[in-house]
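In the numbering used here, the protein residues as written are 20 to 629. We put the CB at the ideal spot given by N, CA and C, even for glycine. Keep in mind that this is a model prediction, so the values were computed, not measured. Heads up, the thing below is written out as structure tokens.
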Amino acid sequence: SGASLRYSTGTGGEGSEGSEGAGLGSSDSGGSGFSLAATALPERRRPGGGRPRYEVVRELGAEEVRWFYREDRKTWKPFIGYDSLRIELAFRALGGGGGAGEPAAVEPVCVRSGLYEVDVASAESYPVYWNQTEKIPVMRGQWFIDGTWQPLEEEESNLIEQEHLNRFKGQQLQESFDMEISKPVDGKEAIHSLKLSRNHVDWHSVDEVYLYSDATTSKIARTVTQKLGFSKASSSGTRLHRGYVEEATLEDKPPQTSHIVFVVHGIGQKMDQGRIIKNTAMMRDTARKVEEKYFSNLATHVEFLPVEWRSKLTLDGDTVDSITPDKVRGLRDMLNSSAMDIMYYTSPLYRDELVKGLQQELNRLYSLFCSRNPEFEEKGGKVSIVSHSLGCVITYDIMTGWNPVRLYEQLLQKEEEELEERWMSYEEQRLLEELYVTKQRLREIEERLHELKASIISKPPVLKFKVENFFCMGSPLAVFLALRGIRPGTSGSQDHILPRTICNRLLNIFHPTDPVAYRLEPLILKHYSNISPVQIHWYNTANPLPYEHMKPSFLNPSKEPTSAPDTESASAAPSPTTSPVMVRRHYGESITNIGKASILGNVPSVPGLG
20 SGASLRYSTG
30 TGGEGSEGSE
40 GAGLGSSDSG
50 GSGFSLAATA
60 LPERRRPGGG
70 RPRYEVVREL
80 GAEEVRWFYR
90 EDRKTWKPFI
100 GYDSLRIELA
110 FRALGGGGGA
120 GEPAAVEPVC
130 VRSGLYEVDV
140 ASAESYPVYW
150 NQTEKIPVMR
160 GQWFIDGTWQ
170 PLEEEESNLI
180 EQEHLNRFKG
190 QQLQESFDME
200 ISKPVDGKEA
210 IHSLKLSRNH
220 VDWHSVDEVY
230 LYSDATTSKI
240 ARTVTQKLGF
250 SKASSSGTRL
260 HRGYVEEATL
270 EDKPPQTSHI
280 VFVVHGIGQK
290 MDQGRIIKNT
300 AMMRDTARKV
310 EEKYFSNLAT
320 HVEFLPVEWR
330 SKLTLDGDTV
340 DSITPDKVRG
350 LRDMLNSSAM
360 DIMYYTSPLY
370 RDELVKGLQQ
380 ELNRLYSLFC
390 SRNPEFEEKG
400 GKVSIVSHSL
410 GCVITYDIMT
420 GWNPVRLYEQ
430 LLQKEEEELE
440 ERWMSYEEQR
450 LLEELYVTKQ
460 RLREIEERLH
470 ELKASIISKP
480 PVLKFKVENF
490 FCMGSPLAVF
500 LALRGIRPGT
510 SGSQDHILPR
520 TICNRLLNIF
530 HPTDPVAYRL
540 EPLILKHYSN
550 ISPVQIHWYN
560 TANPLPYEHM
570 KPSFLNPSKE
580 PTSAPDTESA
590 SAAPSPTTSP
600 VMVRRHYGES
610 ITNIGKASIL
620 GNVPSVPGLG
């Protein structure tokens, strides 16, 4: 905007500049087309809303104004100082730019750790990485209610501010202190008043301003209390403060993001498309509390981004809905919007669309984030994925490139190997050799055909990033892997399920009463089927015992080995081939509160598990 905003103190005119100031220039782009270069902008807190003595009444500086947003339609939440300053600069450029012509065009201001943008012209905020039907209103706060520091509605605030400047601009607060420095507001008469639509405002001094309601009930209550000897201000008035309690500073900015977590939904998202956004916000808020409590010394933080992939898919259109009977329609619609996703994924016709839909959305979000945070990759930023329900299976297949057609080819090859191992006559061997040569020739022709025209079987989707941690929540992945032929390993490592070259850590989190969730650790080692999963600590648990120090608890104590053979190392895990099949017991008997979960079993003697 070419404007420079200064905070002035001292006894000179309103144009004088003191040593305590903040120059706000608009030199280079900072996500919104503006950059704030602070020469000196100290953080000032005003106890009780009081201002420094001898301060000259002038227009509010950018650091005194505070911008707010409202998501729950109840309370206004303040932007942090860095965001508020940048919004205010854009606001002033919009109102004062362009000279005598139209207001200058102002780019949206990036706020709230880059997750949202603010359109100053429309006074609205909207998310950057996901779609949201309801816009988030923003408001410029100048006058605030005592105690709560909630801003007055902008229309009333503008009227009060204009009246305040018309009446007191250029005066010094020294005058009000010296005239009646020891006289409480109860004994002061109003020196100025302003009538609003539903309220009126009285000035008892330059910085003693009270708001009164003009509703009939308020007038009656005010009359009664005044007759009882109480003053008007103390009985029904609400004190107002000009300027926010904490001045905005450029140092009050969000930390850099060093780790992003994509939160992937499962089935049922068609019924409530906004649920994944709300759930991700809950995870983000909880993570912020943990960061502030335990990692306040770090200059970086973790960001959570929702991945809503279901609404963009076409699939069968409305074919399934058209063949759905009308009886028990509500239940049928619920099943069509939830469980039908599993049938879509097992269908060779629609599976590829689901996989591509999630893969493209993950890559889109990652590319968008990197374009807005170019230093993320340069500084070695990491990416993790939290998936729920069917989303775990789809995410796993994307990371590993699993394809059902390749599995079919592997089964055919296995059958050929089994046929070669058994005894057969000369005629059978000759026919099998001819069959093998014919298949090889057919495979070569198919490969040449695929090179000339588009492949019928699409290539496995590829992610643009390496996954650091993969969190499965309420996941049926173990069932899918078992049906695909995955069996318990012998090394105690996750590599035969999810190689560490693809993902460093795999964690399976579930509630013991979740009917969709299955244990994953028995596919790591067979004897884990008799070891109880580890219960996750509450995030606010004081001094929690590290998971690696927990002693394993057995689901069937009678089968618990009492001693290890002398020839076996104390750190050796039972062999999957020698471990007896244990009788499974319900291991969630003591977990009755919703919200508790279990994490995949982790035995200190077996490395490589999350």
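Note to self: Within 10 Å of its beta-carbon, does Asn630 have 16 or more other beta-carbons around it, so buried, or fewer, so exposed?
What the structure shows: Only positions 20 to 629 of the chain appear in this structure, which leaves residue 630 out of reach.
*asked:* Extract the residue ranges of the alpha helix (DSSP H) inside the region 146–228, only unbroken runs of 4 or more that lie entirely within it.
replied: Runs of the alpha helix (DSSP H) inside the region 146–228: 173–187 and 192–198.
With 16 other Cβ atoms within 10 Å as the buried cut-off, status of Gln181
Position 162 of the sequence shown, counting from 1, holds the residue named residue 181. It counts as exposed.
Exercise for review: Name, in chain order, the residues that DSSP records as bridge partners for Glu322.
Suggested key: Position 303 of the sequence shown, counted from the first residue, corresponds to residue 322. Beta-bridge partners assigned by DSSP to Glu322: Ile279.
* **Terminal residues of the alpha helix (DSSP H) in which Leu368 lies** => In the sequence shown, residue 368 corresponds to position 349, counting from 1. Premise fails: Leu368 is in no alpha helix (DSSP H) and is neither H nor E.
**Message:** Helix, strand or coil for His546? Go by DSSP, reduced to three states.
**Reply:** Here residue 546 is taken as the residue at index 527 of the sequence shown, counted from 1. If DSSP states are grouped into helix, strand and coil, His546 belongs with the helices.
Exercise for review: Leaving out five residues on either side along the sequence, give the residues of the same chain with a beta carbon under 7 Å from the beta carbon of Ile361.
Suggested key: Numbered from its first residue, the sequence shown carries residue 361 at position 342. For Ile361, where only same-chain residues beyond five positions count, the Cβ hits under 7 Å are Ile286 and Leu409.
- Taking Cβ to Cβ, would you say Leu381 is nearer than 9 Å to Ile417? Stepping through the sequence shown from its first residue, residue 381 is reached at position 362. Stepping through the sequence shown from its first residue, residue 417 is reached at position 398. Going by C-beta atoms, Leu381 is nearer than 9 Å to Ile417.
For Ser406, list the residues DSSP reports as bridge partners.
If you number the sequence shown from 1, residue 406 lands on position 387. Val283 and Cys491, per the DSSP bridge assignment.
Inset, instruction - List the DSSP bridge partners of Leu450. - result: If you number the sequence shown from 1, residue 450 lands on position 431. For Leu450, which the question treats as bridged, DSSP gives no partner whatsoever.
Span separating the alpha-carbon of His530 from that of Pro495 | Along the sequence shown, one-based indexing puts residue 530 at 511. Along the sequence shown, one-based indexing puts residue 495 at 476. Cα to Cα, the separation comes out at about 12 Å.
- Task: Express the C-alpha separation of Ala267 and Gly67 in angstroms, rounding to a whole number.
- Result: Residue mapping note: residue 67 aligns to position 48 of the sequence shown, counting from 1. Residue mapping note: residue 267 aligns to position 248 of the sequence shown, counting from 1. Annotation note: pLDDT 45 at Gly67 (below 50); position unreliable, no value reported.
Neighbourhood of Gly508 by C-beta, 7 Å cutoff - its chain only, sequence neighbours within 5 removed = Start at 1 with the first residue of the sequence shown, and residue 508 comes out as number 489. So the qualifying residues of the chain are His515, Ile543 and Leu544.
request  = Indicate whether Val125 and Ser144 have their beta-carbon atoms separated by less than 9 Å.
outcome  = The residue given as residue 125 occupies position 106 in the sequence shown. The residue given as residue 144 occupies position 125 in the sequence shown. The answer is no: Cβ separation not under 9 Å.
Original post:
Shortest alpha-carbon distance to Arg111 belongs to which of Leu482, Leu79 and Leu517?
Top reply: Mapped onto the sequence shown, residue 111 falls at position 92. Arg111 has its Cα closest to that of Leu79, out of Leu482, Leu79 and Leu517.
7 Å CB neighbourhood of Pro127 in its chain, flanking five on each side removed: Position 108 of the sequence shown, counted from the first residue, corresponds to residue 127. The residues are Ser51, Glu136, Val137 and Asp138.
For the candidate residues Glu208, Leu215, Asp233 and Ser216, whose alpha-carbon lies nearest to that of Trp222?
-> The sequence position of residue 222 within the sequence shown is 203, counting from 1. Looking at the Cα atoms, Glu208 is the closest of the given residues.
*Nearest-angstrom Cα distance between Val535 and Val486?*
Walking along the sequence shown from the start, residue 535 turns up at place 516. Walking along the sequence shown from the start, residue 486 turns up at place 467. The straight-line gap from Cα to Cα measures roughly 24 Å.
Measuring straight from C-alpha to C-alpha, what distance separates Gly49 and Ser366? The residue you call residue 49 lines up with position 30 of the sequence shown. The residue you call residue 366 lines up with position 347 of the sequence shown. In this prediction, Gly49 has a pLDDT of 40, which is less than 50 and means its spatial position is unreliable; what the coordinates show is noted afterwards. Roughly 47 Å between the two C-alpha positions.
Original post:
Should Val347 be labelled buried (16 or more other beta-carbon atoms within 10 Å of its own) or exposed?
Top reply: Taking the sequence shown and counting its residues from 1, one reaches residue 347 at position 328. Classification of Val347: exposed, given that the 10 Å Cβ count is below 16.
Decide if Val481 is buried, meaning its Cβ has at least 16 other Cβ atoms within 10 Å, or exposed. For the purposes of this step, residue 481 is taken as residue 462 along the sequence shown, with counting starting at 1. Label assigned to Val481: exposed.
Q) DSSP on His568, reduced to helix/strand/coil? A) For the purposes of this step, residue 568 is taken as the residue at position 549 of the sequence shown. DSSP places His568 in helix when its eight states are reduced to three.
Cβ pair count under 8 Å reaching 3, the region 369–380 against the region 464–472
They do not touch, by the three-pair rule.
- Query: Near Ser474, which residues of its chain fall below 7 Å by C-beta distance, leaving aside the five closest residues on each side in sequence?
  - Reply: As a first step, residue 474 must be located in the sequence shown, where it is residue number 455. Annotation note: pLDDT 49 at Ser474 (below 50); position unreliable, no value reported.
- Message: So, for Trp210: in the same chain, excluding its five sequence neighbours on each side, which residues have a beta-carbon less than 6 Å away from its beta-carbon?
- Response: Stepping through the sequence shown from its first residue, residue 210 is reached at position 191. Per the sequence shown, the amino acid found at residue 210 is Ile instead of Trp. Around Ile210: Trp222.
Review point. In angstroms, rounded to a whole number, what distance separates the CA positions of Glu175 and Arg77?
Key: On the sequence shown, position 156 is the one that residue 175 refers to. On the sequence shown, position 58 is the one that residue 77 refers to. Whole-angstrom Cα-Cα distance: 19 Å.
With 16 as the cutoff for other CB atoms within 10 Å, does Trp95 come out buried or exposed? Here the question's residue 95 lines up with position 76 in the sequence shown. Its Cβ being crowded by 16 or more others within 10 Å, Trp95 is buried.
* Counting along the chain, where does the beta strand (DSSP E) carrying Ile528 start and finish? -> Translated into positions along the sequence shown, residue 528 becomes position 509. Where Ile528 is concerned, the enclosing beta strand (DSSP E) stretches over Cys522 to Phe529.
Please look up how many angstroms separate the CB atoms of Ser403 and Val283, rounded, as I've assumed it's under 8 Å.
Working through the sequence shown from its first residue, we reach residue 403 at position 384. Working through the sequence shown from its first residue, we reach residue 283 at position 264. In fact, because the Cβ distance is near 11 Å, the residues do not count as touching under 8 Å.
Tell me, please, which residues DSSP counts as bridged to Val232. Within the sequence shown, residue 232 is the residue found at index 213, counting from 1. Reading off the sequence shown, one finds Ser at residue 232, where the question assumed Val. Asn218.
message: Let's see if you can read the secondary structure: which residues bound the beta strand (DSSP E) around Phe87?
response: Mapped onto the sequence shown, residue 87 falls at position 68. For Phe87, the uninterrupted beta strand (DSSP E) run begins and ends at Arg85 to Tyr88, by DSSP.
Discussion item. If contacts are defined as beta-carbon pairs under 8 Å, then Phe163 and Tyr263 qualify, I think. What distance do you get, rounded to the angstrom?
Written reply: To locate residue 163, count along the sequence shown from 1; it is residue 144. To locate residue 263, count along the sequence shown from 1; it is residue 244. Right, the Cβ-Cβ distance comes to about 6 Å (below 8 Å), so this counts as a contact.
Is the CB-CB distance between Ser132 and Pro273 below 9 Å?
For the purposes of this step, residue 132 is taken as residue 113 along the sequence shown, with counting starting at 1. For the purposes of this step, residue 273 is taken as residue 254 along the sequence shown, with counting starting at 1. For Ser132 and Pro273, yes; Cβs fall inside 9 Å.
- Which of the three DSSP states, helix, strand or coil, is assigned to Asp345? Here residue 345 refers to the residue found at position 326 of the sequence shown. Asp345: coil per DSSP, three-state reduction.
(message) Can you look up Arg261 in the DSSP assignment and give me helix, strand or coil?
(response) The residue given as residue 261 occupies position 242 in the sequence shown. Strand, per DSSP.
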